[in-house]
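The block underneath contains the structure these notes are about, expressed in structure tokens.
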Amino acid sequence: MSWGRGSGYALPLAFLVAVALGTGVGGTVLNPPYFNIAENRKITSTATCGEGVTEPELYCKLVGANTDRQDNPNVNVIFGQVCDFCDPNDPKRAHPPQNAIDGTENWWQSPPLSRGNKYNSVNLTIHLGQEFHVAYVFIKMGNSPRPGVWILERSTDYGETYQPWQYFADTKADCLINFGQESLTPLVADDSVVCETKFSKVVPLEGGEIVVSLLNDRPNADNFSYSPILQEWTKATNIRLRFLRTKTLLGHLMSVARQDPTVTRRYFYSIKDINIGGRCVCNGFAESCDLTDPQDPYKLLCRCQHNTCGPQCEQCCPGFQQKKWRRAIIDSPFVCEPCNCFGHSDECEYSEEIDRERRSLDIHGHYEGGGVCQNCRHNTMGINCNQCKPTFFRPYGKLLNATDVCQPCNCDPSFSTGNCADGNGLCECRPEFLPPRCDQCNVGYYGYPYCKPCDCNSNGTLGNVCEVGGGQCPCRPNYGGLNCDRCQEGFYGFPNCLPCNCNPSTSVKSTCESGSGQCHCLANYGGRQCDMCHAGYYNYPRCDFCSCDPTGCVEEICDSVSGKCLCKPGYAGPSCDRCAPGYSGYPVCEECNCNEFGSANDFCDVNGRCQCLPNYAGLKCDQCSPGSYNFPECNCKL
1 MSWGRGSGYA
11 LPLAFLVAVA
21 LGTGVGGTVL
31 NPPYFNIAEN
41 RKITSTATCG
51 EGVTEPELYC
61 KLVGANTDRQ
71 DNPNVNVIFG
81 QVCDFCDPND
91 PKRAHPPQNA
101 IDGTENWWQS
111 PPLSRGNKYN
121 SVNLTIHLGQ
131 EFHVAYVFIK
141 MGNSPRPGVW
151 ILERSTDYGE
161 TYQPWQYFAD
171 TKADCLINFG
181 QESLTPLVAD
191 DSVVCETKFS
201 KVVPLEGGEI
211 VVSLLNDRPN
221 ADNFSYSPIL
231 QEWTKATNIR
241 LRFLRTKTLL
251 GHLMSVARQD
261 PTVTRRYFYS
271 IKDINIGGRC
281 VCNGFAESCD
291 LTDPQDPYKL
301 LCRCQHNTCG
311 PQCEQCCPGF
321 QQKKWRRAII
331 DSPFVCEPCN
341 CFGHSDECEY
351 SEEIDRERRS
361 LDIHGHYEGG
371 GVCQNCRHNT
381 MGINCNQCKP
391 TFFRPYGKLL
401 NATDVCQPCN
411 CDPSFSTGNC
421 ADGNGLCECR
431 PEFLPPRCDQ
441 CNVGYYGYPY
451 CKPCDCNSNG
461 TLGNVCEVGG
471 GQCPCRPNYG
481 GLNCDRCQEG
491 FYGFPNCLPC
501 NCNPSTSVKS
511 TCESGSGQCH
521 CLANYGGRQC
531 DMCHAGYYNY
541 PRCDFCSCDP
551 TGCVEEICDS
561 VSGKCLCKPG
571 YAGPSCDRCA
581 PGYSGYPVCE
591 ECNCNEFGSA
601 NDFCDVNGRC
611 QCLPNYAGLK
621 CDQCSPGSYN
631 FPECNCKL
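Going by full-length UniProt numbering, the sequence shown opens with residue 1, and the numbers climb by one from there.
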């Protein structure tokens, strides 16, 4: 792991713990190493010293002048202050954002507050160009103290939105004022955002360091692979340092407020080095991410293993999609398996439905997974390329992985469909020829080898008569028509032709509908055979008229045996011609809805007025009567 070219900074022991997390045990999970992902990345700031002004910009350091510095011709001493200029046109005095990540002794610097108090608020953003897991952020200041109040933020959508990773402030009181009460709570969750005060001290005045671990001390720091929340917490595509207030010496507070330039020119932000320990997101399938994206030279690609593909090994490679892709985690590894196409295809797709129905055979001989082979070769087809295409068959003894497993059927198209049976290759006969050899006409046909359809229908014809030269075929009982292909009158349901059996006393005639068998009933009767009362009548075989009010009755009008009217909910009476108790408003019977506190019961009169208890009033007894108050108690006034 590098800390940047020529930086020479020691790696904190705390980060050695963080970096080790989630690296996989026993080779079951593969993870690339951590490295400084800030190096060579794009970095931008919202303001830079010397930029956006017409002349070099003066600034002075908080570190005062001494005798040695006064004798140094390269040092400007103004009223005892060590000062210099920011000049983007002078390489030695230019302080662009790139200086913060180039690994040299150069630094980035913001405009001093002498340009305006608004430069308390400055953003410095590292654009990573892709998604990384971040373990830590190390920041070394340049020629200024560490910031007083600021936020370390991250984006997972390439800078569209940002979320806080950690807050920083001088005191807990500042944490509370700037970031709220929650920022003072301990690390109770993997994604807790807390406020740190130890990195906002004014000392040292130069070269101070800020060390931020995003893993240590979090609940699942030792179980990174098992914590989706912690995994999401460490992901970032952009990292932003959002500075809100410089760290000010107590003696300068009033002078800064009064915008005294001899004081405000000494306050600014400067960063000499930003080192971000991160690794590519490879989902447990790569030990390195040293491949360069041909479309983007600044983007690194995972060197995927276990038959996975994609920039982050986020999918199974073509041909290895037998099982649904998932992340590999410790104690639960995953390898993308090849589909079992028996050598007849190198392409397949995963299907949830096939997996659920257990219809795909894997390479281990189990129906597990959802791999569906595509573009099967060698005249094969099917989920596993395990079937022969039409007009081909698999002879006995042929292995499924043989290139000639499917051989052409040897069938005469004059008698066969062209298909044949697996194993013996026996041809499939056309409908007019009799299986298995297609060497005579099938039932219903005559005149081999032409086998024309018979004149007579085999279901309705006596004997085996087939051809009568266009005359009348000899029909079986119950059948009729020139070709005996329909039912005779009084029968229905060809080809069974069952008797109608209509009730002679309740039917108009003895015949019925030839398809359904429905008899033609007299007005009061119903049923297929007219052997029951029609709806609205009761007491078979007399079938008297139901004297029920249709407004309040269900569709059947009355009970077919007793004649009792069948009332709809809310209706009552022998003829269902009034509202039931608890309903009112006939012919539209609606619930009374009497108030449960103020009514004596659930009943109401024809106008919907409920019977109220003493001290209650209103149509529904849902208010207090005059002289009472505080519904629903409705107490009497004294």
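A virtual CB, placed ideally from N, CA and C, is assigned to each residue, including glycine.
Inset, instruction - Kindly indicate the opening and closing residues of the alpha helix (DSSP H) around D355. - result: Element bounds for D355: 352-356.
* Asked: What did DSSP end up calling A600 once you bin it into helix, strand or coil?
  -> In the displayed model, A600 falls within a strand according to three-state DSSP.
- Spatial distance of E337 from Q305 (CA atoms): Cα to Cα, the separation comes out at about 12 angstroms.
Worksheet item: Mind checking whether T237 and Q130 have CB atoms under 8 angstroms apart?
Response: A contact, by the Cβ cut-off of 8 angstroms.
**Asked** Beta-carbon separation of F491 and N483 under 8 angstroms?
**Response** Between F491 and N483, the C-beta gap is not smaller than 8 angstroms, which leaves the two residues out of contact.
**Q.** Paired residues, beta bridge with D157 - DSSP
**A.** Beta-bridge pairing links D157 to no other residue.
Is the separation between the beta-carbon of M141 and that of E182 shorter than 8 angstroms? No, these two residues do not count as a Cβ contact at 8 angstroms.
- Which class does A523 belong to by DSSP, given the choice of helix, strand or coil? Secondary structure at A523: coil, using DSSP grouped into helix, strand and coil.
Practice problem: Counting only the same chain and skipping the five closest in sequence on each side, list residues whose C-beta sits under 7 angstroms from that of K620. | Solution: Here the set comprises N593, C594, N595, C610.
Checklist entry - From V63, L241, S227, pick the residue whose C-alpha is nearest to that of residue 646; which is it? => result No statement about residue 646 is possible, as the shown extent of the chain runs from 1 to 638 and does not include it.
Segment contact, 8 angstroms Cβ cut-off, at least three pairs: the stretch 357-374 with the stretch 390-398:
No: the two stretches stay apart, fewer than three of their Cβ pairs being nearer than 8 angstroms.
Classify I78 as buried or exposed, calling it buried when 16 or more other Cβ atoms lie within 10 Å of its own Cβ.
Burial call: exposed.
> According to DSSP, which residues form a beta bridge with R245?
Replying inline: DSSP lists V149 as the bridge partner or partners of R245.
Q) From G103 to I330, what distance separates their C-alpha atoms? A) One C-alpha to the other measures close to 35 angstroms.
* To do: Give me the Cβ distance between A169 and S200, rounded to the nearest whole Å; I'm assuming they're in contact under 8 angstroms.
  => About 6 angstroms; that satisfies the 8 angstroms criterion.
Notebook entry, point to check: Who are the Cβ neighbours of F631 in its own chain at under 7 angstroms, not counting the five residues just before and after it?
Noted result: Correct list, in chain order: Q623, C624.
Q) How is D68 classed by DSSP in three states: helix, strand or coil? A) Residue placement at D68 is flagged as unreliable, the pLDDT there being 49, under the threshold of 50; a coordinate-derived value is accordingly withheld.
Handout entry: Rounded Cβ spacing between E467 and C451 (contact assumed at less than 8 angstroms)
Key = No, E467 and C451 are not in contact; Cβ-Cβ is about 12 angstroms, not under 8 angstroms.
Unbroken alpha helix (DSSP H) run spanning F179, endpoints: In this chain, the alpha helix (DSSP H) harbouring F179 covers 172-179.
Report all residues from its chain with a CB closer than 7 angstroms to the CB of F359; omit the five preceding and five following residues, and keep chain order. The amino acid occupying residue 359 in the given sequence is Arg; Phe does not appear at that position. Residues Y367, I383 of the same chain have their beta carbon placed closer than 7 angstroms to that of R359, with the five preceding and five following residues left out of the count.
Point to revise | Under the three-state DSSP convention, the category T380 falls into | key: The answer is strand: DSSP assigns T380 an E or B state.
Verify whether the separation of the beta carbon atoms of L124 and W108 is less than 8 angstroms.
The answer is yes: Cβ separation under 8 angstroms.
Nearest residue (CA-CA) to T54, options L62, R41, P33, P88: Selected option, being the one with the closest Cα: P88.
Exposure of D439, with buried meaning 16 or more beta-carbon neighbours within 10 Å: Answer is exposed; the Cβ neighbour count stays below 16.
- Starting from Q231, follow the alpha helix (DSSP H) in both directions and report where the run begins and ends. Per DSSP, Q231 belongs to the alpha helix (DSSP H) from 228-233.
- Among all the DSSP beta bridges, which residues are the ones paired with P453? Paired residues: Y445.
(message) Between which residues of its own chain and K324 is the CB-CB distance below 8 angstroms, once the five residues before and five after are set aside?
(response) Excluding positions up to five away in sequence, the list reads Y350, E352, D355, G369, G370.
- Can you name the start and end residues of the alpha helix (DSSP H) that T262 belongs to? Start and end: 261-264.
Does the stretch 37-50 touch the stretch 284-291, meaning 3 or more C-beta pairs lie closer than 8 angstroms?
-> No: fewer than three Cβ pairs fall under 8 angstroms.
Between which two residues does the beta strand (DSSP E) carrying D84 extend?
-> Unbroken beta strand (DSSP E) run through D84: 81-86.
Do the CB positions of I101 and R41 come within less than 8 angstroms of each other?
-> Using a Cβ distance threshold of 8 angstroms, I101 and R41 count as a contacting pair.
Roughly how many angstroms separate the alpha carbons of E591 and G552, rounded to a whole number?
So the alpha carbons of these two residues sit roughly 14 angstroms apart.
- Message: Determine whether the beta carbon atoms of E57 and C83 lie at a separation below 8 angstroms.
- Response: Taking C-beta atoms as the reference points, E57 and C83 fail to come closer than 8 angstroms.
**Message:** With H, G and I counted as helix, E and B as strand and the rest as coil, what does DSSP make of S332?
**Reply:** Note: S332 maps to strand in three-state DSSP.
Report task. Look at the Cβ atom of Y571, then the Cβ atom of C579, and state whether they are nearer than 8 angstroms. Result -> Going by beta carbons, Y571 and C579 fall inside the 8 angstroms limit.
- request: Give a yes or no on whether the C-beta atoms belonging to H133 and G319 are separated by under 8 angstroms.
  value: Contact: no.
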